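Colleague: This structure is in structure tokens; I'll ask about it shortly.
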Amino acid sequence: MTSSPAALAIPAEIEAVFRAFLTCEFSTLAKDGTPITWPTLPFWDTASQRFVVTTSIGFPQKAYNVRRDGRVSLLFSEPKASGLERPPAVLVQGDATAPDEIVTSFTGNEDALRQTFERQPSGMIFSANPLIRYFSDWYYMRLLIYVTPRRILWWPDGDMTGEPRRIERLAAEGMEGQEASHAS
Amino acid sequence: MPVDWERLTSQLARYESAVLNGPDRDGYPYSVRCHPQPDAATRTLLLSDVTAPLREGPASLLCHWHDERLWNQRSFVARGQLARNGAGWRFTPTQLIVGLDNGPITQGRLFMHARGVAARYLAKRGLPRPIIPWAEVIRIKHEAQANLRARGERR
Chain H
1 MTSSPAALAI
11 PAEIEAVFRA
21 FLTCEFSTLA
31 KDGTPITWPT
41 LPFWDTASQR
51 FVVTTSIGFP
61 QKAYNVRRDG
71 RVSLLFSEPK
81 ASGLERPPAV
91 LVQGDATAPD
101 EIVTSFTGNE
111 DALRQTFERQ
121 PSGMIFSANP
131 LIRYFSDWYY
141 MRLLIYVTPR
151 RILWWPDGDM
161 TGEPRRIERL
171 AAEGMEGQEA
181 SHAS
Chain C
185 MPVDWERLTS
195 QLARYESAVL
205 NGPDRDGYPY
215 SVRCHPQPDA
225 ATRTLLLSDV
235 TAPLREGPAS
245 LLCHWHDERL
255 WNQRSFVARG
265 QLARNGAGWR
275 FTPTQLIVGL
285 DNGPITQGRL
295 FMHARGVAAR
305 YLAKRGLPRP
315 IIPWAEVIRI
325 KHEAQANLRA
335 RGERR
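If you're matching them up, the sequences are chains H and C in order.
If you're matching positions, the first sequence starts at 1 in the working numbering and goes up one per residue.
If you're matching positions, the second sequence starts at 185 in the working numbering and goes up one per residue.
Next comes the structure, spelled out in structure tokens:
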């Protein structure tokens with residue numbers, strides 16, 4: 001794992017959630033400041049300590065919102081089929097970028113596509129035969145959104161009525177580091 | 185334009201919980217699971233179990249569901265305004281956006297809509313339609329199928 005002084009010390013139970021949950025609730029900010037949230041398949045990269053979220057150019061609004069305002073969040077609150085017993089609910093608030101580049105090659109991203117097929121086997125139908133491939137090519141024209149966590153909050157056992165535990169980067173320029181709070 | 189209250193509450197009734205999303209004090213989106221209670225008299229949703237550090241103002245509510253294999257998905261988002269209500273919150277919906285649904289007509293419409301949006305995305309930038317490396321997709325698909333079989337998860 002690549003580590004830097006600014007890297008967050010993310011507890012193993014939290015990284016397990018990042019890897020095992022099938023979806024998260026991903027929020028971007030609309031023009032009027034409304035957080036617009038849709039279920040999304042996130043990919044956590046431990047080495048770079050950031051998430052990659054992708055969206056088709058057929059649904060580009062998430063990317064448009066990020067290009068205007070990079071403040072986003074990912075909530076992991078639906079543990080169905082994760083295989084985890086009583087996992088925490090986790091909220092990641094972070095800063096995102098969404099380059100205006102359409103990605104169609106899977107070189108370097110094979111794992112993400114393989115994970116997508118394994119999480120969602122029926123999605124393989126979109127490449128089932130030449131006719132379906134013709135009509136669904138837009139699905140594979142992807143925009144990438146990179147999310148660097150700024151603050152991570154979590155609620156043991158997924159009970160979000162209590163006070164969360166948290167870790168976050170310090171915001172002061174030149175003093176990037178982290179602080180932790182374990183209110184319970 | 186007021187939201188279709190009956191349609192919203194019938195949609196809401198299909199889900200065990202919802203996700204409330206509002207900006208926090210720093211302006212970052214903050215999401216929390218909750219159990220909205222419709223208040224027919226005011227046509228608002230009461231959120232008595234939410235103690236999150238949200239700001240009053242624009243907010244949204246998401247409900248979504250999928251099966252164990254991330255299929256049969258359904259979802260909707262309600263946009264609206266969030267205001268304090270005692271120790272909890274009150275959400276006034278102003279727009280209902282239906283996302284995925286099981287029906288073939290809804291799915292077909294969404295599929296064709298996305299195809300049109302994609303065409304306009306390319307046209308606006310003067311880009312040719314990219315060629316998808318289908319051989320690569322199919323190779324990775326076969327690897328995924330092999331992995332699922334190895335884990336005994338392939339139906």
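Every residue, glycine too, gets a C-beta built ideally from N, C-alpha and C.
Owing to the predicted nature of the structure, the values given are computational and were not obtained by experimental measurement.
#1: Mind checking if Leu254 of chain C is an interface residue toward chain H, Cβ cutoff 8 Å exclusive?
#2: Counting only beta-carbon separations shorter than 8 Å, does Glu168 of chain H have a partner in chain C?
#3: Per DSSP, which one or two residues make a beta bridge with Arg258 of chain C?
#4: What separation, rounded to the nearest whole angstrom, lies between the Cα atoms of Phe177 of chain C and Pro79 of chain H?
#5: If contact means a Cβ-Cβ distance below 7 Å, which residues of the segment 323-338 of chain C contact chain H?
#6: Using a Cβ-Cβ cut-off of less than 8 Å, list which residues of the segment 55-77 of chain H approach chain C; keep chain order.
#7: Pick helix, strand or coil for Asn205 of chain C, following the three-state DSSP scheme.
#8: If we count the other Cβ atoms within 10 Å of its Cβ and call it buried at 16 or more, is Gln291 of chain C buried or exposed?
#9: Note the first and the last residue of the continuous alpha helix (DSSP H) segment covering Tyr134 of chain H.
#10: Can you tell me whether Ser3 of chain H is helix, strand or coil according to DSSP?
#11: Against chain H, does Val321 of chain C count as a neighbour if the rule is that its beta carbon must be under 8 Å from one of theirs?
#12: Anything in chain C within Cβ reach of Thr37 of chain H, meaning under 8 Å, just list it in chain order.
#13: Among all the DSSP beta bridges, which residues are the ones paired with Ile152 of chain H?
#14: I need the boundaries of the alpha helix (DSSP H) containing Gln187 of chain H, first residue and last residue.
#15: Looking at Asp95 of chain H and Arg71 of chain H, is the spacing between their C-beta atoms short of 8 Å?
#16: What does Ser122 of chain H touch in chain C if you count any residue whose Cβ is under 7 Å from its own?
#17: For chain C, is any of its Cβ atoms less than 8 Å away from the one on Leu131 of chain H?
#18: Can you pull the DSSP bridge partners for Val52 of chain H?
#19: Chain H beta carbons: is any one of them nearer than 8 Å to that of Pro288 of chain C?
#20: Using the DSSP secondary-structure output, state which residues sit across from Gln279 of chain C in a beta bridge.
#21: Candidates C:Glu252, C:Arg263, C:Pro186: which alpha carbon is nearest Thr226 of chain C's?
#22: Using DSSP with H/G/I as helix, E/B as strand and the rest coil, what is Glu25 of chain H?
#23: Mind listing the chain H neighbours of Gly283 of chain C? Cutoff is C-beta to C-beta under 9 Å, in chain order.
#24: Mind pulling the chain C residues with CB within less than 7 Å of Ser82 of chain H?
#25: Name the chain H residues whose beta carbon is nearer than 9 Å to that of His250 of chain C?
#26: Against Gly310 of chain C, what residues of chain H qualify as contacts under a CB-to-CB distance less than 8 Å, listed in chain order?
#27: Can you find a C-beta in chain H that's less than 8 Å from the C-beta of Tyr305 of chain C?
#28: Helix, strand or coil for Leu332 of chain C, going by three-state DSSP, please let me know.
Modeller: According to the structure data:
#1: What you label residue 254 of chain C is simply residue 70 of the second sequence in a count that begins at 1. Cβ-Cβ to chain H under 8 Å: yes for Leu254 of chain C.
#2: For the purposes of this step, residue 168 of chain H is taken as residue 168 along the first sequence, with counting starting at 1. Not an interface residue.
#3: Translated into positions along the second sequence, residue 258 of chain C becomes position 74. In the DSSP output, where bridge partners are listed per residue, Arg258 of chain C has C:Trp249.
#4: Nothing in the structure corresponds to residue 177 of chain C, since chain C is present only between 185 and 339.
#5: Going along the segment 323-338 of chain C in chain order, one finds Ile324, Lys325, Glu327, Ala328, Asn331, Leu332 with a Cβ nearer than 7 Å to chain H.
#6: In summary, the residues of the segment 55-77 of chain H whose CB is separated from some CB of chain C by less than 8 Å are Ser56, Ile57, Gly58, Phe59, Pro60, Arg71, Val72, Ser73, Leu75, Ser77, in the order they occur in the chain.
#7: Along the second sequence, read from residue 1 onward, the residue named residue 205 of chain C stands at position 21. Strand.
#8: By 1-based counting over the second sequence, the position of residue 291 of chain C is 107. Under this definition Gln291 of chain C is an exposed residue.
#9: One-based indexing of the first sequence puts residue 134 of chain H at position 134. Element bounds for Tyr134 of chain H: 130-135.
#10: For the purposes of this step, residue 3 of chain H is taken as residue 3 along the first sequence, with counting starting at 1. Bear in mind that the predicted position of Ser3 of chain H carries a pLDDT of just 40, short of 50, making it too unreliable to give a figure here.
#11: If you number the second sequence from 1, residue 321 of chain C lands on position 137. Answer yes: the Cβ-Cβ gap between Val321 of chain C and chain H drops below 8 Å somewhere.
#12: Residue 37 of chain H sits at position 37 when you count from the first residue of the first sequence. Within 8 Å Cβ-Cβ: Val203, Asn205, Pro213, Ser215, Ser244, Leu246, Val261.
#13: Numbered from 1 along the first sequence, position 152 holds the residue referred to as residue 152 of chain H. For Ile152 of chain H, DSSP records a beta bridge to H:Val92, H:Ile167.
#14: Past the boundaries of the shown model lies residue 187 of chain H; chain H is included only from 1 to 184, so the question cannot be answered.
#15: One-based indexing of the first sequence puts residue 71 of chain H at position 71. One-based indexing of the first sequence puts residue 95 of chain H at position 95. In this structure, Arg71 of chain H lies near Asp95 of chain H, with their beta-carbon atoms less than 8 Å apart.
#16: What you label residue 122 of chain H is simply residue 122 of the first sequence in a count that begins at 1. Near Ser122 of chain H (Cβ distances below 7 Å), the residues of chain C are Arg253, Trp255.
#17: To locate residue 131 of chain H, count along the first sequence from 1; it is residue 131. No, no contact with chain C.
#18: What you label residue 52 of chain H is simply residue 52 of the first sequence in a count that begins at 1. In the DSSP output, where bridge partners are listed per residue, Val52 of chain H has H:Phe43, H:Tyr146.
#19: The residue you call residue 288 of chain C lines up with position 104 of the second sequence. Pro288 of chain C does not count as touching chain H.
#20: To locate residue 279 of chain C, count along the second sequence from 1; it is residue 95. In DSSP, Gln279 of chain C forms a bridge with C:Arg263.
#21: Looking up residue 226 of chain C in the second sequence gives position 42. If you compare the alpha carbons of C:Glu252, C:Arg263, C:Pro186 with that of Thr226 of chain C, the shortest gap goes to C:Pro186.
#22: In the first sequence, counting from the first residue as 1, residue 25 of chain H sits at position 25. The answer is strand: DSSP assigns Glu25 of chain H an E or B state.
#23: Counting from one through the second sequence, the residue named residue 283 of chain C turns up at place 99. Those are Trp38, Pro39, listed as they occur along chain H.
#24: Here residue 82 of chain H is taken as the residue at index 82 of the first sequence, counted from 1. By Cβ distance, chain C contributes nothing, its closest Cβ being about 10 Å from Ser82 of chain H, past 7 Å.
#25: For the purposes of this step, residue 250 of chain C is identified with residue 66 of the second sequence, where counting begins at 1. For the C-beta of His250 of chain C, the chain H residues within less than 9 Å are, from N- to C-terminus, Leu22, Thr23, Pro39, Glu78, Lys80, Ala81, Gln120.
#26: Residue 310 of chain C sits at position 126 when you count from the first residue of the second sequence. In chain order: nothing, as chain H lies at least about 13 Å away.
#27: Position 121 of the second sequence, counted from the first residue, corresponds to residue 305 of chain C. Chain H has a Cβ within less than 8 Å of the Cβ of Tyr305 of chain C.
#28: Taking the first residue of the second sequence as 1, we reach residue 332 of chain C at position 148. Leu332 of chain C falls in the helix class under three-state DSSP.
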